[in-house]
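Asks: Counting with the numbering used here, you get residues 8 to 146 for the letters of the sequence shown. Glycine included, every Cβ here is placed at the ideal spot set by N, Cα and C. The model shown is predicted, which means the values in this text are computed figures rather than measured ones. Here it is, the structure in full.
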Amino acid sequence: MRRPSQSRYSQVGFTLVELMIVVVVVAILAAIALPGYQNFIKKSRAKTAGADLISLSAAVENDFQRKLKYSTEENVTQFTTWQATQGDFFDYSYTKPASGTQIYTLKATGKGSMNTCDLTLKNDNTRTITGDCGSLTSW
């Protein structure tokens with residue numbers, strides 16, 4: 008009895024069509040997931056910048072307790088007890104109180120990939136957020 012003929016070359020691996028289908032599926036999944044991931048990263052960086060502003064506010068208030076007045080120098084480096092954790096993505100600034108007031112302003116201005124995100128904190132705890140901070144609407 009004769010056996011059915013078997014090809015000397017049996018199929019091993021994937022065909023080009025199967026490989027292209029896998030590539031298309033992976034590309035579609037990446038196209039869906041990547042914008043969400045980038046938005047998550049932006050939002051995370053903005054929240055951390057907000058925490059930096061609160062930490063800077065504590066340093067400013069500590070300085071006030073030692074001197075019994077707010078600093079008139081508008082440079083965050085004067086507050087040596089404070090260190091920014093998001094310095095690669097935000098520039099931080101301190102605006103001294105206007106004459107006759109006790110309200111200072113702290114601001115985190117985005118740079119690089121965060122250049123459209125700005126956070127502001129005043130010492131009366133007024134918090135504002137402007138620009139694209141990864142769907143973050145308040146902090």
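Measure the alpha-carbon distance for residue 62 versus residue 111 and round it to whole angstroms.
Replies: The residue labelled residue 62 in the question sits at position 55 within the sequence shown. The residue labelled residue 111 in the question sits at position 104 within the sequence shown. So the two alpha carbons sit approximately 15 angstroms from each other.
Asks: Rounded to whole angstroms, what is the Cα-Cα separation between residue 157 and residue 37?
Replies: The structure shown has nothing for residue 157, since the chain only spans 8 to 146.
Asks: Between 116, 74, 80 and 109, which has its C-alpha nearest residue 55's C-alpha?
Replies: In the sequence shown, counting from the first residue as 1, residue 55 sits at position 48. Minimum Cα distance to residue 55 is reached at 116.
Asks: How about residue 53 and residue 124: are their beta carbons less than 8 angstroms apart?
Replies: If you number the sequence shown from 1, residue 53 lands on position 46. If you number the sequence shown from 1, residue 124 lands on position 117. Going by C-beta atoms, residue 53 is nearer than 8 angstroms to residue 124.
Asks: Would you decide whether residue 33 is buried or exposed? Buried here means 16 or more other CB atoms lie within 10 Å of its CB.
Replies: The count along the sequence shown starts at 1 and reaches residue 33 at position 26. Residue 33 is exposed by the Cβ-count criterion.
Asks: May I ask you to list the residues that DSSP assigns as paired with residue 100?
Replies: Along the sequence shown, one-based indexing puts residue 100 at 93. Partner(s): 114.
Asks: Alpha carbons only, please: which of 96, 108, 30 and 31 is nearest the one belonging to residue 51?
Replies: Taking the first residue of the sequence shown as position 1, residue 51 is located at position 44. Among 96, 108, 30 and 31, the Cα nearest to that of residue 51 belongs to 96.
Asks: Identify which residue in 67, 100 and 73 has its Cα closest to the Cα of residue 86.
Replies: Sequence index remark: in the sequence shown, residue 86 carries index 79 (1-based). The shortest Cα separation from residue 86 among 67, 100 and 73 belongs to 67.
Asks: Smallest Cα separation from residue 139: which of 128, 132, 122 and 131?
Replies: Taking the sequence shown and counting its residues from 1, one reaches residue 139 at position 132. Per the Cα distances, 122.
Asks: Considering just the uninterrupted stretch of the alpha helix (DSSP H) at residue 133, what are its terminal residues?
Replies: Position 126 of the sequence shown holds residue 133. Here residue 133 belongs to no alpha helix (DSSP H), and DSSP marks it neither H nor E.
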